[in-house]
Every structure is written in C-alpha cells, then in structure tokens.
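Right, one structure below, let's go through it.
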Amino acid sequence: INQSKLELRLIDYLSQDWSSEYRSVLSVIYNYVEGTERKKAELDIAVHVKDDSGHTTIAIHSPYWMMNKTGRLLQYKADDIHHKHAFTKNNDMPLLFSFKPRHFLRNNKIRLMISESDLSDEFSLDTVGSHGKVKCKGIHKDYLVGVKINASSFSLTRIVTFVPFYMLVNKTKYCIFICEDERDNWTEMKSEQSAIPFWPENGTKKLKIKVDGCLGPPLKVDFTRQENSLLLHLDDSLGGIIVDVNLSEHTVTIQFSEYRDGSAPFLIINHTSNQTLYFHQSSQKEIEEEELEAGKAVYYTWTDPSGSRELSWTWGPYSGALKSLQRVVVFSEDQSIYSLLCESEKMQAAEQEIILLLQNVGISLVNNSTSQEVSYIGITCSDVVWEFQPKKKKRWKLLNTKEGDMLEKFFKDYQSSGQVEDAEVELENNYKVRFTSNGKNMRMLEPCDAPLRRHFLPGIKVEYSISSRQSTYRVKIHRIQIQNQMQSAIFPYVFCPVKLPKSITMDSAPLIKPQTAVCFDLHQTKRPLHFRYFKVLIQEMDLKLDLGFLYSIFDLVNPENTSGMSPEQEVELFEKDIEYIKTELNDVSAADTSPISLYEFFHISPIKLHFSFSLSTGGEDGLKEKRATEVIPVQSLNLLLKSIGATLTDVQDVVFKLPAFELKFQFCTTQQLQWKVIRHYSKQAIKQAYVLVLGLDVLGNPFALIRGLSEGVEAFFYEPYQGAIQGPEEFVEGMALGAKVFVDKAVGGIAGAASKMTGAISKGIAAITMDEDYQQKRREAINRQPSGLKEGLTRGGKGLVSGFVSGITGIITKPVKGAQKDGAVGFFKGCGQGLVGAIARPTGGIIDMASSTFQGIKRFAETSQNVESLRPPRFIHEDGVIRPYKAREANGSQMLQVYKPPRS
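So the mapping is simple: our numbering equals the position in the sequence shown, first residue as 1, plus 24.
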C-alpha cells in the first residue's frame, strides 16, 4: 500500500492537457513539443487529505482562482513564481494559482503588474471577505485595481477577482462623453452601456462630462467624492441627467441615469406681484446669477457641480443663503399664502393610529437532539410606574423613579389600611394626591392638578400612524435579556442591559430602550421614497460569551444528522461557484438594483457594549473529539485564541464605545446604506481593538481598573454637586452616594484586578494537571461568585484543603482510574497525572484561595444589583417530547442539579 500511487490528468486547461502522479506532494507536469526543442511547464496543485474511519478523502484543488476582469494584461509575481494572465473576451475560466510547496503554509503575498506598469507593493491573498485596491505605478500614469477575495463553497479555494477601480455605467438614452479635467482624450459611453473601465491619468480628481447634442459647455464632477442623485443641468432641449458616484473599498462606480421627479435640489417659487428674484451658486460670480420673474417657478440645480452646495438669493432689500437638499422655497407678499403653508404642515397629524402592546414575550431555544434547552430570550415589562396627564395634553407623562417610589410606598400603605373611601394624602416634597381604593380616577392635587394613574411600561410597544402625507412606525422594547440555560454555564446571562448609576435612575423617568422610529412621506408619484427621519436608539448592554454556549448554538442550527453534505449538494455548490466566476463585469457594476430613497435624517445612537469572553465550555462536551477535527467557525475561533496562550484568552468586562452613525439629506439605495453602516462600525471596532488586550485577565484587566477608578472619582465630586443644586438635604445624600460609589469603584476595582490575575495564574496551573474532571469542578466553583468577604474566605479555605487532599490521593486514584478506562496505557497516563497533580493541585489551591478572597472583597465593595434570572431551565422528560413550560418542574429539576448529597 505504501508504494501505491494515483495518476491524474487535467484536461483542456490553457488549451492543453496536464498529467501527474500523486504520492505525497502533487505537481502536475505537462510535456509538449515545440519544433525540435522539448520544453516543460509546471502547475502546482494542493492536496487536502482527511482520514475518516474506514476511508480516506483526498481533495485535489487549487488554492486560488484568479479572475481577470480588468480588460488588460495582468502579471502575478511571488518569490520564484511569475504568471501572466491575459484578458479574453470570453474570460469565463480562472487562472489556477498556487505558491510553491515550501511556501505553502506561510502568509503568502504577491505583487501585481498591469499592462506596462511597475510591480505593486506586496499584498496578501489569504484574507477571505476583504475588499481593497492595489496601486501599480507606471511611467505615464498610475493604475488602481480593485481586489475582492471570497471563499468558495468548499472552503479550500479562495476566489480572487481583479476589476478596474473606476467603472462607468450609462443608463440614459443619450451618448455621453467623459474626460479627465485638463485633458482632451474623451471616452465615449453609448446608451445603456455598462462597466466601462476608466483609468485616470492625472491627479485632478475631476471629470468633464458632455452629452451628445448638448450645446452647453462640459460640466465637471469630483469622482473621488460620494455623490447621490446629483442633477446635471443640460440645455433646454435635453433637460438634465443624474450622476451617482458610489464609493466602496474595491471600486468606484460612476453611473449616469435619466431625470426623475424629486431630483432637483430646489424648487423656487416667486409668488410676488412685481418683484424679481435673483439667485446664484455661492461659489460662482454674481455676474452669473439667474433671475426669476414674478409669478413664475423654476427647478434649480447647481451650475458648477464640483463647487459649493449653497444657493445665494436676493429679493428686493432682502438676501440670504440656502443649503441642503429638497427645499421648496416660496417668496410671497401674501400673508394668506404663509398661513396656508402652515396649515399644510399640520396635515401631518395622524388620521389613523394602531397601537400594539405586549406585556411579556419569551422565546425558548431547545435542541431536540440533546433534549436540552439551550437559551431563553425574554422581553419583559417594567415594574410599576406612576404617570400624570398635564393639562391640554393627550399623552401621559412619567414621574421620575424617586417620585414613583414615594407614591408606590404611600399607595401600598393606603391599601394595607383597608380603607374603602378615597383619601387625600400629603407626601414628601410638597406632594398631595388623592388615592382611590380601586386605583381608578386618582388625581394629583399638588404641585399641579392633573389626573394620576398607576401603570406599567409594556415589554413591546408597536405604534403605526398614518396621515394624508406621511406614515410613521415606532417600535419600543423595554428590556431584553438572553440567558444561557446550559448546566454549569460560565456566563448565565449572555445579553442584558447594564444597570445605570443610581443618581441617573432616581432623578429620571424610566427609559424605554432600545427603540426605533421611522417616518416617511407617502406620495402617489414616481418620486423616491422620502424618509423624514429614521432613528435607532440602543441602550448600554452587556454581552458575555463562552465557548460552550457558542458550541450549543452551532449544534442547534446545525443538527448532527444534517451536518454532512451529500455529493449532489457539493456538485450544486461547485456549479454556483462556476456561475459566479462567469459573471460579467456589467453584472458586477450594476448588481445593486434596490430602489433609491432620500434619507432626510438617519441616525443610529452611539453603542456602548460591555464584552466578556471565555474559552471554557462550562460543562461536559460529549462531542469534544468530533469538534477537534471539524472545520467550523467556532473551532477556528477557538484555535486562534488558544494560539495566544492558555491564560491569555479570557476577557472580562471590556467596554466598546462606538460613535453614532448619521446621515442628513442623502440619496442612497438600501444596499448602499447597509455598506455605509457596516463600514462605519467596522472601522470603529478596529480602533477599539486595544481594549481587548487591556482587558485580559492575566494582566488583571487594567482597562476595567482604570475605568472604575475614574468613574469613582467622578461620582465622588459629581453627586454632591448635583445635590447642592437641589438643596442641603440632597447635598448630604449626594455626599453619601458619591463616597459609596468611590469605595465601590476604587476598592472593588483593585480587588477585582488582583482576583483576575491570581485566577488566570491558577487556570494555567490547573491546565498542567491534564485532568479535565478537576478543571471542570474548579470552573464550577469559580462561577459561583461569593456574596461577600466572609463567603470568599470560607470558600478559599475549602479550596485550599481540597487541593492538598486531592493532590495526595490522586497519586493512587489516578493510575487506578486510568487502568480501568484504558488499560496499561491509561495506567501510565494516570501515574503522570497523579504525580503532576500532587504538586499542581496544592499550588492551585493556594492561588485559588487568594483569588476567592479578593473576589469576596470586590463583591463586598460593590453596590450594584445583580441580574435576576427570568426563569429556570426547562425540564424535558425522558421521552424527549417538548411540552408547555411548567415552573414547578423547572424549579424541582434545578434544585436536584444543585443539590449535593452529604458524604457518608
């Protein structure tokens, strides 16, 4: 068997047949004869071998498919490799590219040459999903080439596509000519022609545009700046065309399209009796200003598209300037016209309104294969809140938390007294209210006379309102919490809101977050959809992930019996890859077919996320051996993080602060908007990557320590200042609250840093024992955080004694258990574990004692409240049938799992 070989033939690649023999390293060699001289060409192909029980799978593939869609000759150079890649009209087959076997496992990079240019700087081909550009310097001009790197369906091959960085698309009925500023070599674009490569030759960054049949001078556009629905003014016979400049990381598409309603920046109406209106673009000279006679209207667009976007106007003795898009400007001497326009704006009041309220919503994720509840997602309502209705207002207004707690306290005292008659009660801070026994028709008497009600904020509130001019949607979520329902979870609460400081919650009304509000105009014309505002507000959230939870979610969406792929499915995916590489450049440039919309105001609030991550699974993983050989995203992440080191891969409470994303008065399609949002937050996340390093447990999480100290000092001075503004009693209360927060953040932060450092060291020592049972029990003990200093000391002492006892007894018990499980091999393995454990376990016990003590000090100093569980994990009977949730069964199951019988 060791002498066997595999003969391979590659048919009709580059118009030739190739052959080879496979033993260990594959190199396909083609021999051909040209004249009387015998030559040899080589093609390196990669081999991926996977040994399964009973058979071996050999995947023969090319590591890279190189696609040349530039329309020019490309050359690739890397070390001693030099390939020429010519462009052909029917360019539907890739160039098979591979690095030499001795460089195969390196971070391979190539250099690119296009036409007569020099070689570019080196760039990597291994970053799947990346997009960018490569600059090739030439004698006469520099070439910019867009590069896209995508993974194939079978993951072993990367598809590398090269396209012109600048492309032109003409969707009009006119023939358009373009040329760089200060040059005369015009490029013709015929009607409905797409994907015309454009190679700039100088650095003016401006494009001259003229249309066949237009007698006016060429117009100039900056093709390096994003443009959305920029209207170009032609002569009266042609009207105008629209130009869009869409910027992305790997290409810039300059697209021309027909005029459509709503494209003009201004509609100017001169509704006067005899006054002429004068206006001009601010960057233009006044001698070029236009005039509009009385009683006339005109659509206006910029005279110089590359100039300033400001319109200056003069009307009699008055003058001013206008900015932004989509303005209807009316100049009138008639007061009734002004009143009519104001009445028109009032038509935005809702004519119909639909409100949907849901008190609580819960989603349970259950894995049928393992008969286990993986996660529970709960959206819950608020506690009791108090609201009053101001005079001449339809909406109820929330009282702040401090006032609400005061009213709730007195109302419960009133109910417990058993009174059946209405009672007027004088409260603190000069409040006077009238309570009723049934809680209806209550009233606030002082400090203002208004209806009063006891209410709650729903978990989900959906509002839809419509008027003759616009439609509005609002979605509000009070509180969302995602729980890890797996036994011995590292982080029981995966996603939940962060508790706000007491000074904020007491003096403000309960906030409803996250929430989304969308308002758009309704038109029966062909105008683009007009979004007046699109707002997303996101609360400060806590995200905690461990490897066990990620594995559980992956198993849930990819059941074990469906994880395999049939040969027919593999062939189908391979054919889709072939169709993808055959995609014409025209299709690439015109791929975005989503309708264009005008976003007057688009805003996503700043995102503040507290992030924690652990590589521990938190419980027994029955599929551990299988996971070690699987190529899945979670396993890849595991390998990446473990390559850093065993103790460096737990991250605790690092804070990502991502700035807000905002657009004003911009035309864009849905796909363009998605790319802008993704690009914005991707760049901000990369800038915040330093917090991951400063949040490592082995360093004591200095990021959290510094943040805690700064917040403590700030509260120490800020809380008394806030109280002094309100009065002397509030000043004393602010002093106490500020001092308490300072102790919480300072003492707790220092103790927490020490706890994390000792815990990380102990984790490394536990890994040395190579005893997974011991490591699992240690993780379970650490996950049960002590409630205070006393419990921390007690648990630390127990851990110290347990470490010494288990270390000594392990010298005998480990070889015995190993022999029972794996025979002679297990015996010697157990001997090694026992000897190492005799030293490592007592040492780990000493360090764990210090860690538990510091953790107890931290918990003692903290003043924040813990997150409460929404419900215990679902109990699933032995038959595996998913039945309606019963709290009694779930509580009983949880008690049995936590209960440990006493030792006899």
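Even for Gly, the Cβ is constructed at its ideal location relative to N, Cα and C.
Cβ-Cβ distance between residue i and residue j below 9 Å
i: residue 387; j: residue 484; result: no
i: residue 223; j: residue 165; result: yes
i: residue 933; j: residue 477; result: Because the chain in this structure spans residues 25 to 928, residue 933 falls outside the shown range and cannot be described.
i: residue 146; j: residue 138; result: no
i: residue 410; j: residue 431; result: yes
i: residue 691; j: residue 622; result: yes
i: residue 215; j: residue 232; result: no
i: residue 375; j: residue 490; result: yes
i: residue 37; j: residue 120; result: yes
i: residue 689; j: residue 705; result: no
i: residue 111; j: residue 157; result: no
i: residue 308; j: residue 285; result: no
i: residue 541; j: residue 517; result: no
i: residue 300; j: residue 318; result: yes
i: residue 161; j: residue 136; result: no
i: residue 46; j: residue 71; result: yes
i: residue 244; j: residue 208; result: no
i: residue 598; j: residue 280; result: no
C-alpha gap between residue i and residue j, whole angstroms
i: residue 907; j: residue 579; result: 21 Å
i: residue 29; j: residue 185; result: 35 Å
i: residue 68; j: residue 172; result: 23 Å
i: residue 330; j: residue 630; result: 32 Å
i: residue 465; j: residue 916; result: 43 Å
i: residue 246; j: residue 272; result: 15 Å
i: residue 203; j: residue 238; result: 16 Å
i: residue 921; j: residue 572; result: 18 Å
i: residue 481; j: residue 379; result: 13 Å
i: residue 422; j: residue 381; result: 17 Å
i: residue 234; j: residue 193; result: 15 Å
i: residue 322; j: residue 195; result: 26 Å
i: residue 682; j: residue 314; result: 46 Å
i: residue 364; j: residue 475; result: 36 Å
i: residue 296; j: residue 337; result: 15 Å
i: residue 253; j: residue 385; result: 43 Å
i: residue 324; j: residue 263; result: 11 Å
i: residue 277; j: residue 347; result: 26 Å
i: residue 949; j: residue 294; result: Because the chain here runs from 25 to 928, residue 949 falls outside it and cannot be looked at.
i: residue 858; j: residue 570; result: 29 Å
i: residue 740; j: residue 426; result: With a pLDDT of 45 at residue 740, under the threshold of 50, the modelled position of that residue is not reliable, and no figure is offered here.
i: residue 418; j: residue 487; result: 16 Å
i: residue 833; j: residue 703; result: 57 Å
i: residue 909; j: residue 626; result: 42 Å
i: residue 738; j: residue 634; result: Residue confidence for residue 738 is low, a pLDDT of 48 falling below 50, so the modelled location carries little weight; the figure read from the coordinates is stated next. If you take the alpha carbons of residue 738 and residue 634, they lie about 20 Å apart.
i: residue 170; j: residue 187; result: 5 Å
i: residue 176; j: residue 607; result: 15 Å
i: residue 446; j: residue 620; result: 60 Å
i: residue 332; j: residue 383; result: 52 Å
Residue i burial status per 10 Å Cβ neighbour count (16 or more: buried)
i: residue 515; result: buried
i: residue 694; result: exposed
i: residue 602; result: exposed
i: residue 842; result: buried
i: residue 94; result: buried
i: residue 86; result: buried
i: residue 846; result: exposed
i: residue 268; result: buried
i: residue 257; result: buried
i: residue 676; result: buried
i: residue 98; result: buried
Distance cut-off 8 Å: residue i Cβ against heavy atoms of the ligand FMN
i: residue 302; result: Ligands in the displayed structure: none, and consequently the ligand FMN is not present.
Cβ pair count under 8 Å reaching 3, the stretch 503-522 against the stretch 559-573: Taking a cut-off of 8 Å for Cβ pairs, the stretch 503-522 and the stretch 559-573 touch, as three or more such pairs fall below it.
Could you give the uninterrupted runs of the beta strand (DSSP E) lying entirely in the stretch 97-124, keeping only those of 3 residues or more? When DSSP assignments are scanned along the stretch 97-124, the uninterrupted stretches of beta strand (DSSP E) that are 3 or more residues long and fall wholly within it turn out to be 98-102, 105-109 and 119-121.
Any contact of the stretch 387-396 with the stretch 896-914, i.e. 3+ C-beta pairs under 8 Å? The answer is yes - the stretch 896-914 touches the stretch 387-396, with three or more Cβ pairs under 8 Å.
Cβ contact (3+ pairs, closer than 8 Å) linking the stretch 259-277 and the stretch 291-307: The stretch 259-277 vs the stretch 291-307: no contact.
In chain order, which beta strand (DSSP E) runs of at least 3 residues are fully inside the stretch 472-504? Inside the stretch 472-504, DSSP marks whole beta strand (DSSP E) runs of 3 or more residues at positions 474-480, 484-490 and 494-501, from first to last along the chain.
If we require 3 or more residues per run, which beta strand (DSSP E) segments fall completely within the stretch 145-202? Counting only runs of 3+ residues, the beta strand (DSSP E) found wholly inside the stretch 145-202 occupies 155-160, 167-175, 182-188 and 190-194, in chain order.
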